[in-house]
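Novice:
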Ligand code: HEM
Ligand code: HEM
Ligand code: SF4
């Protein structure tokens, strides 16, 4: 599964890191870093991250 | 040690201090940061955006009870375990369990009832051509929306409103003196929350409280106490904010009647109307943080333990981020910080955004030519603001 974050929307709130900590993390400067190619077993977590993102910036492409 | 920099000073403790003032605009034009009675204030959008999420700062309201002479008891225990003041893994664990229940897809079933409620309230005063907006619309609407969401009978809204505003006394500097009343109210609110939890444990449904009872991740779930604290904090954190923001919104549109007419003609612009109002006239005028370590930012040195206020209206009208900062519900804009930002970004923002856009759409559909009709009364511009009384006259359409 492919994860796409729209950087023009993402505002580095980090809520996604609570839902899927192995996919999303904030670096030392508080900027979002994330994995683009993610194992299917993490789909539920990534969907949750996408649902809770305040900026609605996360999309999953299969 | 503070720096030798020549930065502006703003007296934010002065009751007449106004965010919408030339002095504040001048300060923002001169500098990204100002000194205040309580520490620093961040004025420009770019800097709020970066520093608000900087890991070297943490929530600044945690020590409020201690600063006011309260070191133990029911209120102290609740406050120090409340999501808003928790940090690190303690915060993230609770937030992770709460977040999904507040996502857009779980809110949708509630929206038709919010619409009916807005219409009911408006229809009750529409024929008279006048309304005291705070007490006849904003307060009952904001409180009943939370009742709907939590499954408390809507008829109990006056009790919930009274309990929340009594607990709100704890925000004032007379906390020590108000403490007995605050603790009684909190105990009563706990009673409501505990009844709700027991009921949903016995009769689970598709509602928000059932979702929270069920919330569970890798075997971790909210304890009954955590759930109770969370329900109380939703009531406390979601009611006055929504009430105040609705009053501020209507005030903004009264100053820009052409925008109100545009909204009435284009109800699909209601979500943009909410964003514009929160950007230019937010109820939360600043978000508070405290520095965890000493650090340098550009040419400013900040000591650990310094209070930093992030100004929301001031950064939301910064001409560097918003070339034409006046309210315009058709404009494409970068985001504002009226819901805070980072780890503590408002949990209820989807709720607030949805219920306020429903309210503004319904109001603009039925009312035009809004004007002040008597004496309006306002809270000061510090921390959280809004109208206390907003008597209006209007023409029904
Ligand atoms: C217009 C209405 C609202 C405004 C302006 C607003 C504003 C805010 C702001 C600025 C914060 C961040 C505070 C900080 O970082 O220091 C916040 C946090 C919070 N809000 Fe809201 N809010 C609103 C409605 C709601 C509603 C309806 C709910 C609940 C249903 C809610 C629940 C919360 C909670 C629980 C937090 C704490 C989150 C955390 O610390 O992780 N809010 N709100
Ligand atoms: C959990 C529910 C609560 C939520 C969501 C909430 C939300 C907020 C928000 C959005 C602000 C303005 C932004 C900021 O200064 O960070 C604020 C300020 C504040 N809140 Fe709360 N609040 C909650 C409960 C309380 C309670 C129970 C107290 C009582 C002690 C309290 C004390 C304060 C103080 C002292 C401020 C700063 C006011 C100022 O600086 O003028 N909050 N809160
Ligand atoms: S929750 Fe959304 S806005 Fe926040 S860091 Fe993740 S993707 Fe970006």
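Chains as they are written, first to last, in our numbering: chain P, 1 to 62; chain W, 1001 to 1397.
C-beta atoms are modelled at their ideal positions from N, C-alpha and C, and glycine is treated no differently.
None of the values given here were measured: they were computed from a predicted structure.
With which residues is residue 1287(W) paired in a DSSP beta bridge?
Specialist: 1310(W)
Novice: So is residue 1099(W) in contact with chain P if we call contact Cβ pairs under 7 Å?
Specialist: yes
Novice: Is it true that the CB of residue 1055(W) sits closer than 7 Å to the CB of residue 30(P)?
Specialist: yes
Novice: Residue 1276(W) to residue 1202(W), Cα distance in whole Å?
Specialist: 43 Å
Novice: Once DSSP output is grouped into helix, strand and coil, what is the label at residue 18(P)?
Specialist: helix
Novice: With a threshold of 7 Å between beta carbons, is residue 24(P) in contact with chain W?
Specialist: Not closer than 7 Å to any Cβ of chain W, the Cβ of residue 24(P) fails to qualify, so no.
Novice: Contact criterion: CB-CB distance below 7 Å. Does residue 1001(W) meet it with respect to chain P?
Specialist: Low confidence applies to residue 1001(W): its pLDDT is 44, below 50, so where it sits in the model is not reliable enough to give any reading.
Novice: Residue 1305(W): buried (16+ other C-beta within 10 angstroms of its C-beta) or exposed?
Specialist: exposed
Novice: Under a Cβ-count criterion, where at least 16 other Cβ atoms within 10 Å of its own Cβ denotes burial, should residue 1020(W) be classed as buried or exposed?
Specialist: Exposed: under 16 other Cβ atoms inside 10 Å.
Novice: Flag residue 1292(W) as yes when its Cβ comes closer than 6 Å to any non-hydrogen atom of ligand 1, and as no otherwise.
Specialist: no
Novice: Starting from residue 1132(W), trace the beta strand (DSSP E) both ways and give me its first and last residue.
Specialist: Annotation for residue 1132(W): the continuous beta strand (DSSP E) segment containing it runs 1130 to 1132.
Novice: May I ask whether a heavy atom of ligand 3 can be found less than 6 Å away from the beta carbon of residue 4(P)?
Specialist: no
Novice: Looking at the strands, I want to know which residues DSSP matches up with residue 1221(W).
Specialist: 1216(W)
Novice: Do residue 1284(W) and residue 1384(W) have their C-beta atoms closer together than 7 Å?
Specialist: yes
Novice: Would you call residue 1293(W) buried or exposed, if buried means 16 or more other Cβ atoms sit within 10 Å of its Cβ?
Specialist: exposed
Novice: Sort 16(P), 3(P), 5(P) and 4(P) by Cα distance to residue 1092(W) and report the nearest one.
Specialist: Comparing Cα-Cα distances from residue 1092(W) to each of 16(P), 3(P), 5(P) and 4(P), the minimum goes to 16(P).
Novice: Would the beta-carbon of residue 1088(W) be found less than 6 Å away from any heavy atom of ligand 1?
Specialist: Residue 1088(W) Cβ: outside cutoff for every heavy atom of ligand 1.
Novice: Looking at the C-beta of residue 1054(W), does it have a partner C-beta in chain P at a distance below 7 Å?
Specialist: yes
Novice: Between residue 1313(W) and ligand 1, is the CB less than 6 Å from at least one heavy atom?
Specialist: Checking the Cβ of residue 1313(W) against ligand 1 gives no.
Novice: Determine the extent of the beta strand (DSSP E) in which residue 1296(W) is found, giving its start and end residues.
Specialist: 1295 to 1297
Novice: Just to confirm, are residue 1138(W) and residue 1247(W) a CB contact at a threshold of 7 Å?
Specialist: yes
Novice: Mind pulling the beta strand (DSSP E) runs of 3 or more residues that sit fully within the region 1130 to 1167 of chain W?
Specialist: 1130 to 1132, all fully within the region 1130 to 1167 of chain W.
Novice: Report back the beta-carbon spacing between residue 1082(W) and residue 1281(W) to the nearest angstrom; my notes put them in contact at under 8 Å.
Specialist: No, residue 1082(W) and residue 1281(W) are not in contact; Cβ-Cβ is about 27 Å, not under 8 Å.
Novice: Are there any heavy atoms of ligand 1 lying less than 6 Å away from the beta-carbon of residue 1129(W), as far as the coordinates show?
Specialist: no
Novice: So the beta strand (DSSP E) residue 1301(W) belongs to, where does it begin and stop?
Specialist: 1300 to 1302
Novice: Within 10 angstroms of its Cβ, does residue 1045(W) collect 16 or more other Cβ (buried), or is it exposed?
Specialist: buried
Novice: Using only alpha-carbon positions, find the residue among 1372(W), 1179(W), 1194(W) and 1291(W) that is nearest to residue 1038(W).
Specialist: 1291(W)
Novice: Would a C-beta distance cut-off of 7 Å place residue 1400(W) and residue 1189(W) closer than the cut-off?
Specialist: Given a span of 1001 to 1397 for chain W in the structure shown, any question on residue 1400(W) remains unanswerable.
Novice: How would you label residue 1186(W), buried or exposed, when you count the other beta carbons within 10 angstroms and need 16 or more for buried?
Specialist: Answer is buried; the Cβ neighbour count reaches 16.
Novice: Under the criterion of a Cβ to heavy atom distance below 6 Å, does residue 1118(W) qualify as lining ligand 1?
Specialist: Not so, every heavy atom of ligand 1 lies at least 6 Å from the Cβ.
Novice: Consider the Cβ of residue 11(P): report whether some Cβ of chain W lies at a distance smaller than 7 Å.
Specialist: yes
Novice: Give me the Cα-Cα distance between residue 1146(W) and residue 1113(W), rounded to the nearest whole angstrom.
Specialist: 12 Å
Novice: Compare the beta carbon distance of residue 5(P) and residue 23(P) with 7 Å and say whether it is the shorter of the two.
Specialist: no
Novice: Please classify residue 1216(W) as buried or exposed, where buried requires at least 16 neighbouring CB atoms within 10 angstroms.
Specialist: Under this definition residue 1216(W) is an exposed residue.
Novice: Would you report the Cα separation of residue 1199(W) and residue 1351(W), rounded to the nearest angstrom?
Specialist: 23 Å
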